[in-house]
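J.:
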Amino acid sequence: MNKKVSAILIPIISVLIALLISTIIILLIGKNPLVAYSALIRGSFGSKQAIADTIIKTTPLILTGLAVGFGFRAGVFNIGAEGQMVMGALIAATFAGNFGLLPPIISIPLTILIAMLVGAGYAAIAGFLKAKTGAHEVVTTIMLNWIATYFASYMVTGPLKVGSGTPKSPEIADSAQLPILMKVGAIELSAGIIIAVVAAIFMYILLNKSTTGYEIKAVGFNPYAAEYGGISVAKNIVLAMAISGALAGLAGATELMGVHHRFLGELSGGKGFDGISIALIGQNNPIGIIFAALLIGALRTGSNEMQFVGVPKHMVMIIQGIVIFLVAADRIVRTIMIRKKVEK
Amino acid sequence: MRILEAIFLVFANPLFYKITLTASTPLIFASLGGVYSEITGVVNIALEGIMLLGAFTSVVFTYFTGSVWIGILMAVVSGVAFAWLHAWGSIKWAGNQVVLGTALILIAQGVTGFLMVPIFGKPGQTDFVGKVKEIKIPGLSDIPFIGKIFGELSPFIYIAFISVAFSWWLIYKTKLGLRMRAVGENPEAADTLGVNVYGIRYFGVLMSGVWASLAGAYLSIGEVGHFRELMSGGRGFIALAAMILGKYNPVGAMLASLLFGASSAFANQMQSSSLIHVSATVKPLFDMIPFVLTIIVVAGFVGKSRPPKADGVPYEKVS
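For the record, the sequence lines run as chains A and B.
Residues in the first sequence are numbered from 128 upward in steps of one, following my numbering.
Residues in the second sequence are numbered from 142 upward in steps of one, following my numbering.
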């Protein structure tokens, strides 16, 4: 089968199989799948508000998907997008509270830059440990996620705390907030989505048209051959982790500057983990990742509406898990596809 | 100097050692599970998910039957079934083992959260369903200090240590163990000698389901008697770190688990120290200790710990 065709077909068929299984599960708990799915679609695309909400949810997912996908291309598995996102947003929030005197043209890029640098630095720790000591990045990034979570919760209940009730940091300066593209009711759609799409296009060019992209892909494809060909594997692992982390940090920045305008105790809410599904469904292709993020973003937005008709929103996690499973063991889907062809 | 005094008092308190044991037990079980899977050559980061499912299943069946032992048994059954999914994807279909593991974690989180409402009628946390009773050893509990540690413990803790001894014997002293290690190191050679590579790998992964689900059952009906959403809280990953640090050896994994258990017991005891005041603000910094320690230890020692050669590499028979 044509490689390009199967790269698109496998995720699509995986999603269909996952939906089939979830249909069976919904039937088993005695609910009507049609009602559940129409609620899901209504909740994600049914109104102007729903669409704006879906785009808002999709924005950070494009970026965490790019972060994980880029890591995959370079042969590193960044489970730490979660922590990098939190650290990036937290430190950026700390600075951006004091940017009131700066004009937006300086304070917006500066806040983004801080978040990206912090995300890159935090991810580089895992890259450095892998390159230097061989510590597996899956273990170290998971630990760094927990450390980031606890550190953030210390900051918002301690040094940064404002007001009472939910732990939160002070609001960032108006000049550091992203411009609003559209206002639908209480929902404000910020320019974050533009940043995310531009980042995806930039990553596409970096991966496919630049020397850095070539070296990183070579290391991911076969580290021994790359080393033999004069490419430093250690340098590229650290670099790949840092770029991956910068993207996760950017995800934190768009959430901070475009949605919440302050750091809340729980900023990430599993977006780093969603990045794994998105990267896989998008087959690590930056353009594919935009569509995969839209899919997961829509599922997440619509799941609240689904909850109202009696189907727990955890259903979405199960669908996502089944999709990742099938994409990882893609031979299952290939076998099904081949059998279908033979039957015809 | 108050802080040094507080540290000293923590170590002098038998409660610290008792909490070390209780905090280590789930890690011992889960890291043991990791050892079984990885020495046969299958990376199993799904331990976290198997634990969560085991914790949930044991509570569900205890709730319906009233017997914690049926709960534990069904937890093991669910753990093996779930591990079978991992084996099926990674052995039969040669899928990416790390990615399959994350898929299974997501599925376990989804399934346990999903079923909570239809079964218990509310999200988040179940009611108390009963827990496994501690064993009181009559003479032992009268001895000062030692009695306070070992006098009254959950049977799970004893089972954990027996499991370590059993696993060490199985892996290093039996023919099956030799085959498991051979399959993890060099599946081609093992295959040539007539060892059923696929069968042994299935065995390894399914056994990891047994131990990891016991780890989960201990968290719910062994310790607190209810299930809370996401209650495994990253312990599956700490267990993986313990397994690596313990050089893929049951005894090593146990020692590493005890180290992590001690670090969280330390964090816990420092917080309740009467000598220093740990405010709610500083508490997260103490909760961080086990994770920081894990990174230091994994980065510092991993050079000396070598995974089995074929770990993570799907085996495909050339025919």
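A virtual CB, placed ideally from N, CA and C, is assigned to each residue, including glycine.
Does the beta carbon of A/Y110 come closer than 9 Å to any beta carbon on chain B?
T.: There is simply no residue 110 of chain A to check, as chain A begins at 128 and stops at 471 in what is shown.
J.: Among A/L334, A/I320, A/K184 and A/Y164, which residue has its Cα nearest to the Cα of A/R200?
T.: For A/R200, the nearest C-alpha among the options comes from A/L334.
J.: Kindly indicate which three-state DSSP category A/L308 falls into: helix, strand or coil?
T.: Note: A/L308 maps to strand in three-state DSSP.
J.: Any residues in the segment 436-464 of chain A with a beta carbon nearer than 9 Å to a beta carbon of chain B? Which ones, in chain order?
T.: Here the close residues are G437, V438, P439, K440, H441, M442, V443, M444, I445, I446, Q447, G448, I449, V450, I451, F452, L453, V454, A455, A456, D457, R458, I459 and T462.
J.: Can you grab the Cα-Cα spacing for the pair B/F368 / B/V240, in whole Å?
T.: So the alpha carbons of these two residues sit roughly 27 Å apart.
J.: Would B/A306 be called buried (16 or more neighbouring beta carbons within 10 Å of its own) or exposed?
T.: Exposed, by the Cβ-count rule.
J.: For the segment 262-273 of chain B against the segment 201-212 of chain B, are there 3 or more C-beta pairs whose distance is under 8 Å?
T.: Touching, yes, given that three or more Cβ pairs across the two stretches are closer than 8 Å.
J.: Is it right to say A/S430 is buried, meaning 16 or more other beta carbons lie within 10 angstroms of its own, or is it exposed?
T.: Looking at its Cβ environment, which holds 16 or more other Cβ atoms inside 10 Å, A/S430 is buried.
J.: Would you list, in chain order, the members of the segment 177-201 of chain B that have their beta-carbon closer than 8 Å to a beta-carbon of chain A?
T.: Those would be I186, in chain order.
J.: Could you please give me the residues that DSSP links to B/Q266 through a beta bridge?
T.: Answer by DSSP bridge pairing, in chain order: B/R369.
J.: Can you find a C-beta in chain B that's less than 9 Å from the C-beta of A/A194?
T.: Not closer than 9 Å to any Cβ of chain B, the Cβ of A/A194 fails to qualify, so no.
J.: DSSP state of A/L229, grouped into three classes?
T.: Coil, per DSSP.
J.: From what residue to what residue does the beta strand (DSSP E) around A/S317 run?
T.: Counting along the chain, the beta strand (DSSP E) containing A/S317 begins and ends at I314 to S317.
J.: Using only CA atoms, which one of B/G236, B/L434 and B/Q266 lies nearest to B/P455?
T.: If we check each option's Cα against that of B/P455, B/G236 comes out closest.
J.: Report all residues from its chain with a CB closer than 7 Å to the CB of A/L193; omit the five preceding and five following residues, and keep chain order.
T.: A326, A327, M330, L374, P413 and I416, listed in sequence order.
J.: Of all Cβ atoms in chain B, is any one closer than 9 Å to the Cβ of A/I416?
T.: No - not a single Cβ of chain B is within 9 Å of the one on A/I416.
J.: Does DSSP classify A/L147 as helix, strand or coil?
T.: A/L147: helix per DSSP, three-state reduction.
J.: Give the straight-line distance between the Cα atoms of A/R125 and A/G379, rounded to the nearest whole angstrom.
T.: A query on residue 125 of chain A cannot be resolved here, the shown segment of chain A reaching from 128 to 471 and no further.
J.: Can you tell me whether A/E354 is helix, strand or coil according to DSSP?
T.: Helix.
J.: Quick check for students: name the residue ranges of the alpha helix (DSSP H) that lie wholly in the segment 275-348 of chain B, counting only runs of 4 or more.
T.: Fully enclosed alpha helix (DSSP H) runs of 4 or longer: 287-291, 296-314, 316-326 and 328-333.
J.: Output yes or no for whether 9 Å exceeds the beta carbon distance between A/I140 and A/M464.
T.: Yes.
J.: Please compile the residues from chain B whose C-beta is within a distance smaller than 8 Å of the C-beta of A/T428.
T.: Near A/T428 there are no residues of chain B at all, since even the closest Cβ is about 17 Å away, more than 8 Å.
J.: Using the Cβ count rule (16 or more neighbours within 10 Å means buried), how would you classify B/P461?
T.: Nothing about residue 461 of chain B can be reported from this structure: the residues present for chain B run from 142 to 460 only.
J.: Is the CB of A/K344 under 9 Å away from at least one CB in chain B?
T.: No, A/K344 does not count as interfacial toward chain B.
J.: Would you verify that the beta carbon of B/F378 is, or is not, closer than 9 Å to some beta carbon of chain A?
T.: B/F378 counts as touching chain A.
J.: Pick out the complete alpha helix (DSSP H) segments inside the segment 371-446 of chain B, 4 residues or longer, and give them in chain order.
T.: 376-386, 391-412, 424-428 and 430-442, all fully within the segment 371-446 of chain B.
J.: Assuming B/I312 and B/I191 form a contact by the criterion Cβ under 8 Å, report the distance between their Cβ atoms to the nearest whole angstrom.
T.: So it is not a contact: roughly 20 Å between Cβ atoms.
J.: Taking all protein chains shown into account, do 16 or more other C-beta atoms lie within 10 angstroms of the C-beta of A/Q176, making it buried, or fewer, making it exposed?
T.: With fewer than 16 other Cβ atoms within 10 Å, it is exposed.
J.: Cα separation between A/I307 and A/E209?
T.: The straight-line gap from Cα to Cα measures roughly 26 Å.
J.: Just to confirm, are B/P399 and B/S208 a CB contact at a threshold of 9 Å?
T.: Just to set this straight, residue 399 of chain B is Leu in the shown sequence, not Pro. In this structure, B/S208 does not lie closer than 9 Å to B/L399 by Cβ.
J.: DSSP state of A/L391, grouped into three classes?
T.: A/L391 falls in the strand class under three-state DSSP.
J.: Using 10 angstroms around the beta-carbon of B/A153, count the other beta-carbons present and answer buried if the total reaches 16, otherwise exposed.
T.: Exposed: under 16 other Cβ atoms inside 10 Å.
J.: Please go through the same chain and pick out, in chain order, the residues whose beta-carbon is closer than 7 Å to the beta-carbon of A/Q410, but skip the five residues on each side of it.
T.: Excluding residues within five positions, the ones whose Cβ falls inside 7 Å are A134 and P138.
J.: Run through DSSP, which three-state label would B/K458 get?
T.: Note: B/K458 maps to coil in three-state DSSP.
J.: For B/A265, is the classification buried or exposed, using 16 other Cβ atoms within 10 angstroms of its Cβ as the cut-off for buried?
T.: Looking at the sequence provided, one finds Gly at residue 265 of chain B rather than Ala. Flag for B/G265 reads exposed.
J.: Whole-angstrom Cβ separation of B/T243 and B/S219, contact assumed at under 8 Å?
T.: No, B/T243 and B/S219 are not in contact; Cβ-Cβ is about 19 Å, not under 8 Å.
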